[in-house]
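Counting from 1, position 105 in the sequence shown corresponds to residue 219 in this note's numbering; the numbering is continuous, with no gaps.
We put the beta carbon where it would ideally sit given N, CA and C, even for glycine.
It should be emphasised that the depicted structure is a prediction, and the values quoted were computed from it without experimental measurement.
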Amino acid sequence: MKKSILFTCVCVFLISSTGFAKMHGGGFSGDRLPPGKWWHMPKVAESLKLTAEEKTRLDTLFLNNRKAMISLKGEMATQRLDLEVIMEKENFDEAAAMDQFTTMQDSGQKMWKQKFQFLIEVRKLLGKDRFMQLKTQFQQHGGRHKMGKGMGRPGPDGDGEMLQGKGKKKWGWGQ
115 MKKSILFTCV
125 CVFLISSTGF
135 AKMHGGGFSG
145 DRLPPGKWWH
155 MPKVAESLKL
165 TAEEKTRLDT
175 LFLNNRKAMI
185 SLKGEMATQR
195 LDLEVIMEKE
205 NFDEAAAMDQ
215 FTTMQDSGQK
225 MWKQKFQFLI
235 EVRKLLGKDR
245 FMQLKTQFQQ
255 HGGRHKMGKG
265 MGRPGPDGDG
275 EMLQGKGKKK
285 WGWGQ
């Protein structure tokens, strides 16, 4: 009985924290950046007056961040599997389950720290004014920047216009 209650509590926590992270991970609230390679959107780059060197630096930062996040997500998945094995053992060890759960939480913290470190590097590169401009522009557009053909990524016409809402109303950066 205790096993099933603890297992249920762990599952509820994991599901709810995943939903919380997804719910809070999509916007730019001062601790997040717009998703994807926003510096390759022509209007964003133009608005922020990004140089070729800055774009290259952002590409390098992005690649290094992605590699680190892939590694950390793999670590988290392995730890989640280890916790599952502990929870399903015939001879349940509550201390081992709690230790493994703590280890999993530590990995989650590493992931958030990695995301924040990327944010810090972008802030250092852009400086205060351009960083605040990026934040303001992202908030003005409701945080809905979709990357796809004709939706922020330079298309055949190279304008990279953003599309908003169901009516596909066009809008751009810095207008």
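First through last residue of the alpha helix (DSSP H) which encompasses residue i
i: Phe245; result: 208 to 254
i: Pro156; result: 156 to 162
i: Leu172; result: 166 to 202
Reference residue i, options the options, closest by Cα
i: Lys169; options: Val236, Phe230, Gln247; result: Val236
i: Ile234; options: Asn179, Thr165, Glu160, Trp153; result: Asn179
i: Gln228; options: Leu177, Glu202, Glu167, Ala166; result: Leu177
i: Gly188; options: Met201, Glu208, Ser221; result: Ser221
i: Met190; options: Glu202, Met246, Gln223, Arg244; result: Gln223
i: Thr217; options: Lys249, Phe232, Leu186; result: Leu186
i: Gln193; options: Gln219, Lys249, Leu172, Gln253; result: Gln219
i: Leu172; options: Phe232, His255, Lys181, Glu202; result: Phe232
Spatial neighbours of residue i in its chain, beta-carbon cut-off 8 Å, leaving aside the 5 residues before and after
i: Asn205; result: none
i: Glu167; result: none
i: Lys203; result: none
i: Met225; result: Met183, Leu186, Lys187, Met190
Residues of its chain near residue i, where Cβ-Cβ distance is below 7 Å and the 5 sequence neighbours each way are ignored
i: Leu164; result: Trp153
i: Asp207; result: Ile200
i: Phe142; result: For Phe142, the pLDDT reaches just 46, beneath the cut-off of 50, and the residue's location in the model is therefore unreliable, although a value from the coordinates is still provided. Only Pro148, Lys249, Phe252, Gln253, Gly257 meet the Cβ criterion.
6 Å CB neighbourhood of residue i in its chain, flanking five on each side removed
i: Phe245; result: Arg237
i: Lys136; result: Residue placement at Lys136 is poorly supported in this model, since its pLDDT is 45, which falls under 50; the coordinates still yield a value, given next. Correct list: empty, nothing qualifies.
i: Lys283; result: Annotation note: pLDDT 36 at Lys283 (below 50); position unreliable, coordinate value reported separately. Result list for Lys283: empty, nothing under 6 Å.
> Can we say the stretch 201 to 213 touches the stretch 149 to 157, given the rule of at least three CB pairs closer than 8 Å?
Replying inline: Output reads no: the stretch 149 to 157 does not touch the stretch 201 to 213.
> Hey, is the stretch 196 to 205 in contact with the stretch 239 to 252, meaning 3+ C-beta pairs nearer than 8 Å?
Replying inline: Contact fails: fewer than three Cβ-Cβ distances are below 8 Å.
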